[in-house]
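Asker: Below are the structure tokens for one structure; questions will follow.
Residue numbers (my numbering), protein chains in the order written: chain A, 1431 to 1564; chain S, 1431 to 1564.
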């Protein structure tokens, strides 16, 4: 079970279409869910993210551990049975309590938080697709 | 002047819309052009990419130098006046002759070559936008 916890809806609609496309592909291999957090403030967002966590929490963070596609595939498949909650922060980042979780990084570059969702889904898709995960 | 040389059209249409959106934003700051290479074969593609190069060639490659957004911003702005030709390979990668160029990397992970275009345009946009480039 993979869950991606992130604040707000995926915008613009082009990214939402790509998100739905990758979710459809990934669902052939595993259960995956996007948990969108609706919050009134930064503090509220932090509390709601923490409350939403059910499985092993992993924060996607520019300063986290860098994986190759192959390394990420191993990491994902090794942890899948226990369930993983990946957290993607919003435009203002995440609070200190969330920053204490294990952090993995897609890039040393900072990307738009909506684009990151698609990049990450593409990587999850690759992890399951034997054509791409090596 | 920034040129991005890459094989084939940007697909699906959602990525093309995002590409056009970022190009429109970046053009407020600099000249930028996407050079799409139409080729009959891998060899033909390699030759046409080499022929298309006019400025300093930089290959986007998973094994290239990793930059943060801040480092990439400096690199881009320092080289902009001379003109830069960024090369993004297709699904089969690039030939040995192109692999000899300076290589920079957006991530240690491999991404879909069409998605990479959007990720890279987003990074160029960030480099020019004072809200994001630090």
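We treat Cβ as the ideally placed atom computed from N, Cα and C, and that holds for glycine.
This structure is a prediction, so every number in the text was calculated from the model and none was measured.
(1) Roughly how many angstroms separate the alpha carbons of residue 1477(S) and residue 1513(S), rounded to a whole number?
(2) Pop quiz: residue 1444(S) and residue 1448(A) are said to be a contact at Cβ under 8 angstroms. What is the actual Cβ separation, rounded to whole angstroms?
(3) Interface residues of chain S around residue 1548(A) at Cβ under 8 angstroms?
(4) Using a C-beta to C-beta distance shorter than 7 angstroms, which residues of chain S count as neighbours of residue 1444(A)?
(5) Go to residue 1528(S), then tell me how far its alpha helix (DSSP H) extends in each direction, as first and last residue.
(6) Have a look at residue 1497(S) and residue 1537(S) and give me their C-alpha separation to the nearest angstrom.
(7) Less than 8 angstroms between CB atoms is the rule here; does residue 1499(S) satisfy it with respect to chain A?
(8) Based on the DSSP secondary-structure assignment, which residues constitute the bridge partners of residue 1534(S)?
(9) What does the alpha-carbon distance come out to for the pair residue 1504(A) and residue 1549(A)?
(10) Tell me, to the nearest whole angstrom, how far the beta carbon of residue 1547(S) is from that of residue 1434(S); I am working on the premise that it is less than 8 angstroms.
(11) Rank 1532(A), 1486(A), 1510(A), 1542(A) by C-alpha distance to the C-alpha of residue 1437(A) and give the top, closest one.
(12) Are there 16 or more other CB atoms within 10 angstroms of the CB of residue 1527(S), so buried, or fewer, so exposed?
(13) Counting contacts by CB-CB distance shorter than 8 angstroms, is residue 1552(S) in contact with chain A?
(14) For residue 1552(A), count the other beta carbons within 10 Å of its own beta carbon; 16 or more makes it buried, fewer makes it exposed. Which is it?
(15) If you scan the stretch 1469 to 1519 of chain A from start to end, which runs of the alpha helix (DSSP H) of 4 or more residues do you find wholly inside it?
(16) Out of 1511(A), 1515(A), 1510(A), state which residue places its alpha-carbon closest to the alpha-carbon of residue 1490(A).
(17) Please compile the residues from chain A whose C-beta is within a distance smaller than 7 angstroms of the C-beta of residue 1505(S).
(18) Could you check whether residue 1501(A) and residue 1535(A) sit closer than 8 angstroms to each other, using their CB atoms as the reference points?
(19) I need the straight-line Cα distance from residue 1464(S) to residue 1540(S), nearest angstrom please.
(20) If the cut-off is 9 angstroms on Cβ atoms, which residues from the stretch 1531 to 1544 of chain S count as contacting chain A, listed in chain order?
(21) To the nearest angstrom, how far is the alpha carbon of residue 1466(A) from that of residue 1474(A)?
(22) Does any C-beta atom of chain A lie closer than 8 angstroms to the C-beta of residue 1558(S)?
(23) What does residue 1480(A) reach in chain S if we use C-beta pairs closer than 8 angstroms?
(24) Quick check on DSSP: helix, strand or coil for residue 1466(S)?
(25) Whose C-beta lies closer than 6 angstroms to the C-beta of residue 1559(A) among residues of the same chain, with five residues either side of it excluded?
(26) Can you tell me whether residue 1487(S) is buried or exposed, with buried defined as 16 or more other CB within 10 angstroms of its CB?
Answerer: In this structure, then:
(1) Taking the first residue of the second chain as position 1, residue 1477(S) is located at position 47. Taking the first residue of the second chain as position 1, residue 1513(S) is located at position 83. Rounded to the nearest angstrom, the gap between the Cα atoms of residue 1477(S) and residue 1513(S) is 21 angstroms.
(2) Within the second chain, the letter at position 14 stands for residue 1444(S). Within the first chain, the letter at position 18 stands for residue 1448(A). That belief holds up - the Cβ atoms of residue 1444(S) and residue 1448(A) are roughly 5 angstroms apart, short of 8 angstroms.
(3) For the purposes of this step, residue 1548(A) is identified with residue 118 of the first chain, where counting begins at 1. Within 8 angstroms Cβ-Cβ: 1545.
(4) Position 14 of the first chain, counting from 1, holds the residue named residue 1444(A). Residues of chain S passing the Cβ test: 1444, 1447, 1448.
(5) Residue numbering aside, residue 1528(S) sits at position 98 when the second chain is read from its first letter. Residue 1528(S): member of the alpha helix (DSSP H) spanning 1526 to 1529, first to last residue.
(6) Locating residue 1497(S) in the second chain gives position 67, counting from the first residue. Locating residue 1537(S) in the second chain gives position 107, counting from the first residue. Answer to the nearest angstrom: the Cα atoms are 9 angstroms apart.
(7) As a position in the second chain, residue 1499(S) is number 69, starting the count at 1. Interface residue, yes.
(8) Sequence index remark: in the second chain, residue 1534(S) carries index 104 (1-based). 1495(S), per the DSSP bridge assignment.
(9) Numbered from 1 along the first chain, position 74 holds the residue referred to as residue 1504(A). Numbered from 1 along the first chain, position 119 holds the residue referred to as residue 1549(A). Taking the Cα positions, residue 1504(A) is about 18 angstroms away from residue 1549(A).
(10) Your numbering for residue 1547(S) matches position 117 in the second chain. Your numbering for residue 1434(S) matches position 4 in the second chain. Right, their Cβ atoms sit about 7 angstroms apart.
(11) Walking along the first chain from the start, residue 1437(A) turns up at place 7. Per the Cα distances, 1542(A).
(12) As a position in the second chain, residue 1527(S) is number 97, starting the count at 1. By the neighbour-count rule (16 or more Cβ atoms within 10 Å), residue 1527(S) is not buried but exposed.
(13) In the second chain, the residue the question calls residue 1552(S) occupies position 122. Closer than 8 angstroms: yes.
(14) As a working mapping, residue 1552(A) is identified with position 122 in the first chain. So residue 1552(A) ends up on the buried side.
(15) Unbroken alpha helix (DSSP H) stretches of 4 residues or longer found wholly inside the stretch 1469 to 1519 of chain A: 1472 to 1482, 1499 to 1509, given in chain order.
(16) For the purposes of this step, residue 1490(A) is taken as residue 60 along the first chain, with counting starting at 1. In terms of CA proximity to residue 1490(A), 1515(A) leads the group 1511(A), 1515(A), 1510(A).
(17) Mapped onto the second chain, residue 1505(S) falls at position 75. Simply none; closest approach about 12 angstroms.
(18) Translated into the one-based positions of the first chain, residue 1535(A) becomes position 105. Translated into the one-based positions of the first chain, residue 1501(A) becomes position 71. No.
(19) Position 34 of the second chain, counted from the start, is the residue given in the question as residue 1464(S). Position 110 of the second chain, counted from the start, is the residue given in the question as residue 1540(S). Straight-line Cα distance between these residues: approximately 21 angstroms.
(20) Residues 1535, 1536, 1537, 1538, 1539, 1540, 1541, 1542.
(21) One-based indexing of the first chain puts residue 1466(A) at position 36. One-based indexing of the first chain puts residue 1474(A) at position 44. Whole-angstrom Cα-Cα distance: 13 angstroms.
(22) In the second chain, the residue the question calls residue 1558(S) occupies position 128. Using a Cβ-Cβ cut-off of 8 angstroms, residue 1558(S) does not count as an interface residue toward chain A, since no Cβ of chain A sits closer than that to its own.
(23) In the first chain, counting from the first residue as 1, residue 1480(A) sits at position 50. In chain order: nothing, as chain S lies at least about 27 angstroms away.
(24) Position 36 of the second chain, counted from the start, is the residue given in the question as residue 1466(S). DSSP places residue 1466(S) in strand when its eight states are reduced to three.
(25) Counting from one through the first chain, the residue named residue 1559(A) turns up at place 129. Correct list: empty, nothing qualifies.
(26) Here residue 1487(S) refers to the residue found at position 57 of the second chain. By the neighbour-count criterion, in which a residue is buried when 16 or more other Cβ atoms sit within 10 angstroms of its Cβ, residue 1487(S) is buried.
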